[in-house]
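2 protein chains.
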Amino acid sequence: MNIKCEKNILLNNINIVLKSVASRTTLPILECILLIADKEGFRLISNDLELGIETSNIEADILEKGMVALEAKIFSDIIRSMPDGDISITVDEKNVAVIKNGKTEFKILGQNGEEFPTLDKVEKEEKYSISSSLLKNMIKQTKFSVSTDESKPVLTGELIEIKEGNLNIVAIDGFRVSFRCTNISKDFKNAEVVVPAKALNEIIKILSDKEDSIVNLYFNDNHILFELDSCIIVSRLLEGEFLKYEQIFTEDYNTRIKLDRVNFLNSLERASLISKDNKKTPVKLEIKNDESLVITSNTEFGTSYEELSIDLEGEGLSIAFNPRYLIEALKAIDDEKILIQFMTSLSPCIIKGIDNSDYKYLILPLKINE
Amino acid sequence: MNIKCEKNILLNNINIVLKSVASRTTLPILECILLIADKEGFRLISNDLELGIETSNIEADILEKGMVALEAKIFSDIIRSMPDGDISITVDEKNVAVIKNGKTEFKILGQNGEEFPTLDKVEKEEKYSISSSLLKNMIKQTKFSVSTDESKPVLTGELIEIKEGNLNIVAIDGFRVSFRCTNISKDFKNAEVVVPAKALNEIIKILSDKEDSIVNLYFNDNHILFELDSCIIVSRLLEGEFLKYEQIFTEDYNTRIKLDRVNFLNSLERASLISKDNKKTPVKLEIKNDESLVITSNTEFGTSYEELSIDLEGEGLSIAFNPRYLIEALKAIDDEKILIQFMTSLSPCIIKGIDNSDYKYLILPLKINE
Chain A
1 MNIKCEKNIL LNNINIVLKS VASRTTLPIL ECILLIADKE GFRLISNDLE
51 LGIETSNIEA DILEKGMVAL EAKIFSDIIR SMPDGDISIT VDEKNVAVIK
101 NGKTEFKILG QNGEEFPTLD KVEKEEKYSI SSSLLKNMIK QTKFSVSTDE
151 SKPVLTGELI EIKEGNLNIV AIDGFRVSFR CTNISKDFKN AEVVVPAKAL
201 NEIIKILSDK EDSIVNLYFN DNHILFELDS CIIVSRLLEG EFLKYEQIFT
251 EDYNTRIKLD RVNFLNSLER ASLISKDNKK TPVKLEIKND ESLVITSNTE
301 FGTSYEELSI DLEGEGLSIA FNPRYLIEAL KAIDDEKILI QFMTSLSPCI
351 IKGIDNSDYK YLILPLKINE
Chain B
371 MNIKCEKNIL LNNINIVLKS VASRTTLPIL ECILLIADKE GFRLISNDLE
421 LGIETSNIEA DILEKGMVAL EAKIFSDIIR SMPDGDISIT VDEKNVAVIK
471 NGKTEFKILG QNGEEFPTLD KVEKEEKYSI SSSLLKNMIK QTKFSVSTDE
521 SKPVLTGELI EIKEGNLNIV AIDGFRVSFR CTNISKDFKN AEVVVPAKAL
571 NEIIKILSDK EDSIVNLYFN DNHILFELDS CIIVSRLLEG EFLKYEQIFT
621 EDYNTRIKLD RVNFLNSLER ASLISKDNKK TPVKLEIKND ESLVITSNTE
671 FGTSYEELSI DLEGEGLSIA FNPRYLIEAL KAIDDEKILI QFMTSLSPCI
721 IKGIDNSDYK YLILPLKINE
């Protein structure tokens, strides 16, 4: 192989594929980046067998076709440290790569590129298109409630569901449900997959923030393919039945409050300071008929007390929560004002928008002894 | 105690004293900040018994004098999270502190302030004044070569020496000597103390970057006192004889090169990339009579080769170094061009300025088998 590529173009593409390079694996070639120069152009591939990334055709001069797998950390460190300008990479039949720019030259031993596992094939049959920045936000606004309990593997991922023209993303752990939804197109067939959270954490780093950038999704039984401008990403899917989340979000309530999201968030963050070492100290909410909300916490270290004004519909109520669950949901919302619905002090609350049905968060309360 | 203080003023002062709060100690009161309101005003004190900090008089309304020791982390978190504006702190005879602003209120249990160890006394006899930002830089530009070897405790600190109108700072580990010097005033008496590096690491975080800010130093046999605008800092000194560093910096050389500091630094950083897991792979320097410097490294992962042009005085030379030692010294220098002097390939090199005697760095070479 013999190619010439501008340093920063090469580095940008390396930074993309670095997201799915394996670390500490029993198959050392997975710690490499595969460089391919063939009739389709010059591309980089990485694959940790859960997630694989292949860059689009990179602007480069191909003087001689070929392929090689280079240890990702050393290769990326070398390219990052190179002086600006054109970098030439030549590889001989023994997989020795010479990386050169001016009077700076590195020689590193690569591995046979033929041995590198390429990405799993996903036929591009049914295509689902969505704004890249919107998809990124929807994942960010739900992924904090993905379960980390490996005994229910399907809940360690997020449900991506296409249903009657909507794309829904849902994450559930034992204590809460996070739901985001957006309208895409009535023409799309219904579909439902569960993508591992680990893969989504890497994918959101690659998804563009640009408003007009589109990502295409393709599914098969075992994989999801994300087609971006800069690369394609293929992730393994999680098997198993995802929880039926819809019936949990009841419309009924005995108490409904409307309040300022940021004020409530700040109050909860203050109330949780009193617990040292991040213990799950409950924070108590008292919704009073005089349209005030009293937020208190009480630990061996001290007590906190705070009052907020609210709009109240229905009865007053006392209820306690793990403050982290409320805080994470409130941080994921953009709206200035929100609604929170309650049935009893032992049933979950539902946080939702006022004129916005794009999100819903359900949180189980904690039982407290008065 | 009953005081009222603006949130951000209080927070700035808390951030200063946090630097010497003890963590994981057998004397729990050292994990506190002492609040004192007395006839000298309102002040905060922290003390981990190595380093102690006392703020200057803080702008506050003292409604009732008193003192209390409050757990530093919880107290600082609470103040940081408070809404902007005046914060009132009242403490009762049982050391229960009520911290309040508007409808936000915390109650935390403090400890008896009388039990808090105040700072060691240093009589203000001989005063040494120096620019705060200059002192900060001098410490930064030497502290990387403080020894971490606890078997020679005196070398785990920096020598601060006042000698014939100069203030010198010196750090020595087994492999190198870093020296910084500045002219202060001929009127100052000679003096010599060794300050623990751990204390200096905290002190440089407090020293101002402002050009015109002055710090006054006072010494006694066991302590150094730094008098700043915002606070006083008292550090314990290290006992023992510091190494006689002066005779090590010989003026003689067989080879002297003049070269561009940043180019050399970049080349060394590239050459050290080839060693995975930060092993101390030697980098080899070949000074050639054609006024070029060839920088190479060679490990199981590959080789690097780089050429720089230099000005040469004397003979060519081959020598090897731990690249980290060269890199740290070069990063500590501001000059664009530097001199490096060599005797033989087995004796130390000395890095110095061209028309600047404010710094000198000595580094031992590595022995390499050709």
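Residue numbers (the working numbering), protein chains in the order written: chain A, 1 to 370; chain B, 371 to 740. Where is the CB? At the ideal position from N, CA and C, for every residue including glycine. Because the structure is a prediction, the values reported are computed rather than measured.
Three-state secondary structure assigned by DSSP to GLN511/B: Mapped onto the second sequence, residue 511/B falls at position 141. Correct three-state label for GLN511/B: coil.
For the stretch 622-637 of chain B, which residues have a CB atom closer than 8 Å to at least one CB atom of chain A, in sequence order? Here the close residues are ASN636, SER637.
What whole-angstrom Cβ distance do GLU424/B and CYS551/B have, given they're in contact under 8 Å? Taking the first residue of the second sequence as 1, we reach residue 424/B at position 54. Taking the first residue of the second sequence as 1, we reach residue 551/B at position 181. Wrong, their Cβ atoms sit about 30 Å apart, outside the cutoff.
7 Å is my cut-off, CB to CB: does LEU273/A come that close to chain B? Walking along the first sequence from the start, residue 273/A turns up at place 273. Yes, contact with chain B.
Just to confirm, are GLU683/B and ARG626/B a CB contact at a threshold of 7 Å? Position 313 of the second sequence holds residue 683/B. Position 256 of the second sequence holds residue 626/B. Yes, the Cβ-Cβ distance between GLU683/B and ARG626/B is below 7 Å.
Does the Cβ of LEU404/B have 16 or more other Cβ atoms within 10 Å, making it buried, or fewer, making it exposed? Mapped onto the second sequence, residue 404/B falls at position 34. Buried: at least 16 other Cβ atoms inside 10 Å.
Grab the span of the beta strand (DSSP E) containing ASP557/B for me, first residue to last. The residue you call residue 557/B lines up with position 187 of the second sequence. No beta strand (DSSP E) holds ASP557/B; DSSP gives it neither H nor E.
As a quick exercise: from ASP704/B, TYR675/B, ILE697/B, LEU663/B, pick the residue whose alpha carbon is nearest that of GLY686/B. Residue mapping note: residue 686/B aligns to position 316 of the second sequence, counting from 1. Checked all of ASP704/B, TYR675/B, ILE697/B, LEU663/B; the closest Cα to GLY686/B is LEU663/B.
I'd like to know if THR104/A contacts chain B, where contact means its C-beta is closer than 7 Å to some C-beta of that chain. Position 104 of the first sequence, counted from the start, is the residue given in the question as residue 104/A. Chain B, which has a Cβ nearer than 7 Å to the Cβ of THR104/A, makes this yes.
Members of the stretch 668-690 of chain B near chain A, C-beta cut-off 8 Å: Cβ contacts with chain A: PHE671, GLY672, THR673, SER674, TYR675, GLU676, GLU677, LEU678.
Measuring straight from C-alpha to C-alpha, what distance separates THR142/A and ILE680/B? Walking along the first sequence from the start, residue 142/A turns up at place 142. Walking along the second sequence from the start, residue 680/B turns up at place 310. Computed Cα separation, rounded: 58 Å.
At the level of alpha carbons, what is the spacing between LEU268/A and GLU572/B? The residue labelled residue 268/A in the question sits at position 268 within the first sequence. The residue labelled residue 572/B in the question sits at position 202 within the second sequence. When rounded, the distance between both Cα atoms is 32 Å.
Buried versus exposed call for PRO365/A [16 or more other C-beta atoms within 10 Å across all chains shown]: Start at 1 with the first residue of the first sequence, and residue 365/A comes out as number 365. With a 10 Å radius around the Cβ and a threshold of 16 neighbouring Cβ atoms, PRO365/A comes out buried.
Here's the rule I'm using: 16 or more other beta-carbon atoms within 10 Å means buried, otherwise exposed. How should ASN266/A be labelled? The residue given as residue 266/A occupies position 266 in the first sequence. ASN266/A comes out buried.
Once DSSP output is grouped into helix, strand and coil, what is the label at ASN659/B? In the second sequence, counting from the first residue as 1, residue 659/B sits at position 289. Coil, per DSSP.
So which residues on chain B does ARG270/A lean against when the C-beta distance must stay under 7 Å? Walking along the first sequence from the start, residue 270/A turns up at place 270. Within 7 Å Cβ-Cβ: SER451, THR474.
Can you confirm whether the stretch 203-210 of chain A touches the stretch 172-186 of chain A when touching is taken to mean that 3 or more C-beta pairs between the two stretches lie within less than 8 Å? Not touching, per the Cβ criterion.
GLU211/A: buried (16+ other C-beta within 10 angstroms of its C-beta) or exposed? As a working note, residue 211/A is residue 211 in the first sequence. By the 10 Å Cβ count, GLU211/A comes out exposed.
Residues that LYS100/A bridges to, as DSSP identifies them: The residue you call residue 100/A lines up with position 100 of the first sequence. For LYS100/A, which the question treats as bridged, DSSP gives the partners SER88/A, GLU105/A.
Take SER499/B and list the residues in its own chain whose beta-carbon comes closer than 7 Å to its own, dropping the five residues that flank it on each side. Reading the second sequence from its first residue, position 129 is the one you call residue 499/B. Non-local beta-carbon contacts of SER499/B in its own chain, meaning distances under 7 Å to residues more than five positions away in sequence, involve ILE584, ASN586 in chain order.
Where PHE691/B falls: helix, strand or coil (DSSP): What you label residue 691/B is simply residue 321 of the second sequence in a count that begins at 1. In the structure shown, PHE691/B adopts extended strand secondary structure according to DSSP, grouped into three states.
Own chain, CB closer than 8 Å to ILE354/A, minus 5 neighbours either side, in chain order: Against the first sequence, residue 354/A aligns to sequence position 354. Cβ neighbours of ILE354/A beyond the five flanking positions: LYS258, ASP335, LYS337, ILE338, LEU339.
Just to confirm, is the Cβ distance from GLY436/B to LEU489/B under 7 Å? Indexing the second sequence from 1 puts residue 436/B at position 66. Indexing the second sequence from 1 puts residue 489/B at position 119. Result no, Cβ atoms of GLY436/B and LEU489/B do not sit closer than 7 Å.
Across the stretch 106-120 of chain A and the stretch 131-147 of chain A, are there enough close Cβ pairs to call them in contact, namely three or more that are closer than 8 Å? By the Cβ criterion, the stretch 106-120 of chain A is not in contact with the stretch 131-147 of chain A, since fewer than three pairs of Cβ atoms, one from each stretch, lie closer than 8 Å.
Cα separation between ILE169/A and MET138/A? As a first step, residue 169/A must be located in the first sequence, where it is residue number 169. As a first step, residue 138/A must be located in the first sequence, where it is residue number 138. Cα to Cα, ILE169/A sits roughly 7 Å from MET138/A.
Would a C-beta distance cut-off of 7 Å place PHE612/B and VAL524/B closer than the cut-off? What you label residue 612/B is simply residue 242 of the second sequence in a count that begins at 1. What you label residue 524/B is simply residue 154 of the second sequence in a count that begins at 1. Their beta carbons are under 7 Å apart, which means PHE612/B touches VAL524/B by this criterion.
Would you call the stretch 555-567 of chain B in contact with the stretch 373-389 of chain B, where contact means no fewer than 3 C-beta pairs closer than 8 Å? Contact fails between the stretch 555-567 of chain B and the stretch 373-389 of chain B, because fewer than three Cβ pairs, one in each stretch, are under 8 Å apart.
Please report whether the beta-carbon of ILE14/A lies at a distance below 7 Å from any beta-carbon of chain B. Your numbering for residue 14/A matches position 14 in the first sequence. Taking CB atoms only, ILE14/A has no neighbour in chain B less than 7 Å away.
Given this structure, state the Cα-to-Cα distance separating GLU105/A from PHE619/B, to the nearest angstrom. Translated into positions along the first sequence, residue 105/A becomes position 105. Translated into positions along the second sequence, residue 619/B becomes position 249. The alpha-carbon atoms of GLU105/A and PHE619/B are separated by roughly 35 Å.
Give the single residue among ASP599/B, LEU570/B, SER674/B, ALA430/B whose Cα lies nearest to the Cα of GLY455/B. Counting from one through the second sequence, the residue named residue 455/B turns up at place 85. Measuring from the Cα of GLY455/B, the nearest candidate turns out to be ALA430/B.
Please go through the same chain and pick out, in chain order, the residues whose beta-carbon is closer than 7 Å to the beta-carbon of ILE333/A, but skip the five residues on each side of it. Taking the first sequence and counting its residues from 1, one reaches residue 333/A at position 333. Sequence-distant Cβ neighbours of ILE333/A in its own chain, meaning closer than 7 Å and more than five residues away, are ARG261, TYR359.
Just mark ASN592/B as buried or exposed, buried being the case when its beta carbon has 16 or more other beta carbons within 10 Å. By 1-based counting over the second sequence, the position of residue 592/B is 222. With fewer than 16 Cβ atoms within 10 Å of its Cβ, ASN592/B is classed as exposed.
Compute the beta-carbon to beta-carbon distance between SER76/A and SER46/A, rounded to the nearest angstrom, for a pair I have assumed lies under 8 Å. As a working note, residue 76/A is residue 76 in the first sequence. As a working note, residue 46/A is residue 46 in the first sequence. Taking 8 Å as the upper bound for CB-CB distance, SER76/A and SER46/A are not in contact here, some 11 Å apart.
Can you check whether the C-beta of LYS477/B is within less than 7 Å of a C-beta belonging to chain A? The residue labelled residue 477/B in the question sits at position 107 within the second sequence. Cβ-Cβ to chain A under 7 Å: yes for LYS477/B.
Complete runs of the beta strand (DSSP E) confined to the stretch 159-183 of chain A [at least 3 residues]: Entirely contained in the stretch 159-183 of chain A, the beta strand (DSSP E) runs reaching 3 residues are, in chain order, 166-173, 176-183.
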